[in-house]
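J.:
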Amino acid sequence: MMVKQPLLIVAGPTASGKTALAVQLAKAFDAEVISADSMQVYRDISIGTARPTPEEMDGVPHHLVGFLSLSETFSVADFAQLAREKICEIAGRGRLPLVAGGTGLYLSALVDHLDFDSGASDPDLRRRLEEEAACSGAEALLERLRALDPDYAAQLHPHNLKRLIRALELALLTGKTREQREADSRREESPYQPILLGIAFENRQLLYERIDRRVDQMLSNGLVEEARLVLHAGASQTALQAIGYKELFPYLLGKEPLETAAARLKQESRRYAKRQMTWLRRMKGIHWLYRDQLGGEQALFEAARDVAAACLAALEHPGTPS
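Next up, the structure:
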């Protein structure tokens, strides 16, 4: 019987307080944090990605943050490989791996132990799809994907052209939906025993207010200049599509006032949070922690700590209720 590695996971939408909670839990359980955020991997952008500062890390080791240049792409397969390596390293030091982030695809890939080695690829087909997008627009590609994989198409935004083209490429090459491909990729049993903690809000408006305040703070901290760097630094398509930057490009190009761009950034951030929650609610076994019901940060931490402690005890002593 496989002895599985415990894996503490803190998930939730943007601006929900994952970073602070992860640090508190890491101190309580002698853990190291692995970021599951698709944009915090970039070295030169920290404001718009809400990458934790050294002060926020508070001495807790954080992995997979700030190590790529803007010109490099980063995929879910890259994340899965690097995260698994870090989990082994952390466990080898006798510490608990703690994964924190809101990129649902990354979390699913890790928890479900997906195998990405057999991903189909056809450069000629991809080039034709890129040409079709240039001629007919991204919405035309999205309509084609709706006919082949409506569930996945509903989760994609036409502005995320790279992911849209890749999704359509895979659907055409394999004749399968993403859900079917993921089922096929689960070749081996996962070596992890995840303890999933999800931060949520009973009153979604409170989350949206937190998002709006965060955007205002980011703008005060220099987000516009960071967006200018992304726009002019030869950034990869992965970085160019990050929420927090592309919404400011029209302002930087002189096409609209900053107030308009900032309002759109808040709106897109709220929409992103809604998509994050939709994804996370599909994941099995999450222990939901409703922040607005629990009250302050200390109460949230204590609730998360108690759930995690009970789950870890149950793993050490099967039969213990969790």
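Numbering follows my numbering, in which position 303 of the sequence shown is assigned residue number 550; successive positions increment by one, without gaps. The C-beta atom is built at its ideal place from N, Cα and C for all residues, glycine as well. As the structure is a computational prediction, the values presented were derived from the model and not from experiment.
Report the residue ranges of all beta strand (DSSP E) runs contained in full by the stretch 453-483; include only those spanning at least 3 residues, in chain order.
T.: For the stretch 453-483, not a single whole beta strand (DSSP E) run of length 3 or above is found.
J.: Could you tell me whether the Cβ atoms of Thr296 and Met286 are closer together than 8 Å?
T.: Cβ distance < 8 Å, so Thr296 and Met286 count as in contact.
J.: Count the other CB atoms within 10 Å of the CB of Asn468; is the residue buried (16 or more) or exposed (fewer)?
T.: Exposed.
J.: Give the DSSP bridge partners of Ile446, in chain order.
T.: Beta-bridge pairing links Ile446 to Leu536.
J.: Quick one: what's got a C-beta closer than 6 Å to Gly602's C-beta in the same chain, skipping five residues either side?
T.: Any question about residue 602 goes unanswered here, given that the chain covers just 248 to 569.
J.: Would you mind stating whether Ile281 and Pro441 have Cβ atoms separated by less than 8 Å?
T.: Not in contact: Ile281 and Pro441 (Cβ atoms no closer than 8 Å).
J.: Any contact between the stretch 262-277 and the stretch 536-553? By contact I mean 3 or more CB pairs, one from each, below 8 Å.
T.: Judged by Cβ distances under 8 Å, the stretch 262-277 makes contact with the stretch 536-553, as three or more pairs qualify.
J.: Check Tyr353 in the structure and name its three-state DSSP category.
T.: Three-state DSSP puts Tyr353 in a helix.
J.: Here's the rule: buried if 16 or more other CB atoms are within 10 angstroms of the residue's CB, otherwise exposed. What is Gln191?
T.: Residue 191 cannot be examined here, being either before or after the span of the chain that is shown, 248 to 569.
J.: Taking the C-alpha atoms as reference points, what is the distance between Ala418 and Gly351?
T.: Cα to Cα, Ala418 sits roughly 20 Å from Gly351.
J.: Taking 8 Å as the threshold (C-beta atoms), are Ala327 and Lys283 in contact?
T.: According to the sequence displayed, residue 283 carries Ala and not Lys. Going by C-beta atoms, Ala283 is not nearer than 8 Å to Ala327.
J.: Would you decide whether Leu349 is buried or exposed? Buried here means 16 or more other CB atoms lie within 10 Å of its CB.
T.: Sequence check: residue 349 is Gly here, not Leu. Counting Cβ neighbours within 10 Å, Gly349 comes out buried, since at least 16 surround it.
J.: Quick one: what's Arg348 bridged to in DSSP?
T.: The displayed chain sequence assigns Gly, not Arg, to residue 348. Gly348 pairs with Ala258.
J.: In the DSSP assignment, what are the bridge partners of Ala278?
T.: Its beta-bridge partners are Leu343.
J.: Which class does Tyr498 belong to by DSSP, given the choice of helix, strand or coil?
T.: Three-state DSSP puts Tyr498 in a helix.
J.: Taking its Cβ as the centre, do 16 or more other Cβ atoms sit within 10 Å of Cys558, making it buried, or is it exposed?
T.: By the neighbour-count rule (16 or more Cβ atoms within 10 Å), Cys558 is buried.
J.: Comparing C-alpha positions only, which one of Pro405, Arg552, Lys274 sits nearest to Arg393?
T.: Answer by Cα proximity: Pro405.
J.: Quick check on this structure: which residue in Tyr289, Ser437, Arg460 has the alpha carbon closest to the alpha carbon of Leu361?
T.: Nearest option by C-alpha distance: Ser437.
J.: Where does the unbroken alpha helix (DSSP H) through Tyr519 begin, and where does it stop?
T.: That run of the alpha helix (DSSP H) goes 505-529.
J.: From Arg552, Lys274, Asp463, pick the residue whose C-alpha is nearest to that of Asp305; which is it?
T.: Per the Cα distances, Lys274.
J.: Please report how far the alpha carbon of Leu376 lies from the alpha carbon of Ile412, in whole angstroms.
T.: C-alpha separation (whole angstroms): 6 Å.
J.: If I measure Cβ to Cβ from Ala482 and keep anything under 7 Å in the same chain, skipping five residues before and after, which residues do I get?
T.: Excluding sequence neighbours, Ala482 sits near Leu317, Ser318.
J.: Is it right to say Ser383 is buried, meaning 16 or more other beta carbons lie within 10 angstroms of its own, or is it exposed?
T.: Counting Cβ neighbours within 10 Å, Ser383 comes out exposed, since fewer than 16 surround it.
J.: Once DSSP output is grouped into helix, strand and coil, what is the label at Gln488?
T.: Gln488 falls in the coil class under three-state DSSP.
J.: Tell me the rounded alpha-carbon separation between Val288 and Leu466.
T.: Distance between the alpha carbons of Val288 and Leu466 is about 21 Å.
J.: Measuring CB to CB, does Leu329 end up less than 8 Å from Ala278?
T.: Not a contact, by the Cβ cut-off of 8 Å.
J.: For Pro253, count neighbouring Cβ atoms within 10 angstroms of its own Cβ and tell me buried if that reaches 16, exposed if not.
T.: Buried, since its Cβ has 16 or more Cβ neighbours within 10 Å.
J.: If Ala555 sits next to Leu444, beta carbons under 8 Å apart, how far is it from one beta carbon to the other, in whole angstroms?
T.: Confirmed, Cβ separation roughly 7 Å.
J.: Applying the 10 Å Cβ sphere with the 16-neighbour rule, what's the burial state of Leu629?
T.: Outside the modelled stretch of the chain, which goes from 248 to 569, sits residue 629, for which no answer is possible.
J.: Spell out whether any CB of chain B is found under 8 Å from the CB atom of Gly259.
T.: The chain inventory of the structure shown lacks chain B, comprising one protein chain alone.
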